[in-house]
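*Asks:*
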Amino acid sequence: MSRHPSRQRLQRWLDTGESRRVDRHVSDCEHCHEALEALTELDVEVVADLQTAIAPPADLNDRTNLGVDDRLRSEAAAGTFADLFLIPWDLVHSILDPATDSDTAHQDDVDADGSPR
Ligand SMILES: [Zn+2]
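Heads up: the sequence shown begins at 4 in the numbering used here, then just goes up one per residue.
Structure, rendered in structure tokens:
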């Protein structure tokens, strides 16, 4: 068995999948399998620690959520405004189109909603 890859190399292999030599080595090296498991467990712990460390205080979290709520509300209001704007625009079209289309001068051929029978 050739030399075991260093921890850094194993970490790099975990991160990037490089290199093929490490790939081949760990595929049949019990020792490096254990080392990789340890590295993976360490990663999980590090991630958990980081999440605890970067988690904002509860009150800050509340304030952020309130900010998001305000934003969502104003976006919903903007959406409602767009709807109010778009629906009359469609109505304007359906009202104007038959009047500007000479074929629909024959009102008997057209339903009340403007669609042909
Ligand atoms: Zn090894």
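Think of the CB as a built atom: it goes at the ideal place given N, C-alpha and C, for glycine as much as any other residue.
Around the Cβ of H34, are there at least 16 other Cβ atoms within 10 angstroms (buried) or fewer (exposed)?
*Replies:* exposed
*Asks:* Could you tell me which of R6, R15 and H7 sits nearest to D46, measuring between CA atoms?
*Replies:* R15
*Asks:* Between H36 and the rest of its own chain, which residues show a CB-CB distance below 7 Å, the 5 nearest in sequence each way excluded?
*Replies:* V29
*Asks:* Might you give, ordered along the chain, the residues of its own chain that have their beta carbon closer than 7 Å to the beta carbon of M4, omitting 5 neighbours on each side?
*Replies:* Confidence at M4 is low in this model, with a pLDDT of 48, below 50, so the placement of that residue should be treated as unreliable; the coordinate-derived value is given next. The residues are C32.
*Asks:* Please go through the same chain and pick out, in chain order, the residues whose beta-carbon is closer than 8 Å to the beta-carbon of R10, but skip the five residues on each side of it.
*Replies:* A38 and L42
*Asks:* Give the straight-line distance between the Cα atoms of T19 and A56, rounded to the nearest whole angstrom.
*Replies:* 26 Å
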